[in-house]
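Heads up: the sequence shown is residues 1 to 142, going by full-length UniProt numbering. Glycine is no exception: its CB is placed at the ideal position from the N, C-alpha and C atoms. Only one structure is covered here, and it is reproduced in the block below.
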Amino acid sequence: MDLDLNLEKASRTLGAPPFTIARMISLPMVKEGLLAGTILAFTRSLGETGATLIVSGVYQTAPVVIVSWMKGLKIPTTAFLAFILIIISLLLLTSVRIFARKVGLPWNKVFPRFERKLSSKKVAGTRNGVSLLLFFVFVFIP
């Protein structure tokens, strides 16, 4: 996507201050990219342990603690920590969704035709059956 710099030049020519140019012209043009980048960065950071080790000095992050507690059979404590992580994730994703509605993201560009066909009622049963079969083969049986 190319940004039209003529809009910024025109607003400067008409006497708009730099903050108004950024707020009314530049930010609305890049809002989808900023939102998508924020979501991708958050998703990547959920399981990232290496960067946390380097930046904060903490030697165990929440996913690592959950695995070690599961090995130590501390099931209630592990379940509580996992529940807290799930709640934090849901709150953040809900706030992003609300923000996306206020910003006005073009949802028709987010879900292309192929994904809409996969979500149709005709294909949904087959898709769910294949997903369940793969779950049992790769997760449940071993």
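- With contacts defined as CB atoms closer than 8 angstroms, Arg127 and Leu134 fail to qualify as a contacting pair.
- Between Trp69 and Thr78, the C-beta gap is smaller than 8 angstroms, which places the two residues in contact.
- Pro63 carries a helical assignment under DSSP once its states are collapsed to helix, strand and coil.
- Here Leu14 is not near Ile25, since their CB atoms are 8 angstroms or more apart.
- In chain order, Glu8, Ser11 place their CB closer than 6 angstroms to the CB of Ile21, counting only its own chain and leaving out the 5 sequence neighbours on each side.
- The three-state reading of DSSP puts Leu132 in helix, counting H, G and I together.
- Per DSSP, reduced to three states, the secondary structure at Ala36 is helical.
- Sequence-distant Cβ neighbours of Ile66 in its own chain, meaning closer than 7 angstroms and more than five residues away, are Thr78, Leu81, Ala82.
- The continuous alpha helix (DSSP H) containing Leu5 extends over residues 5–13.
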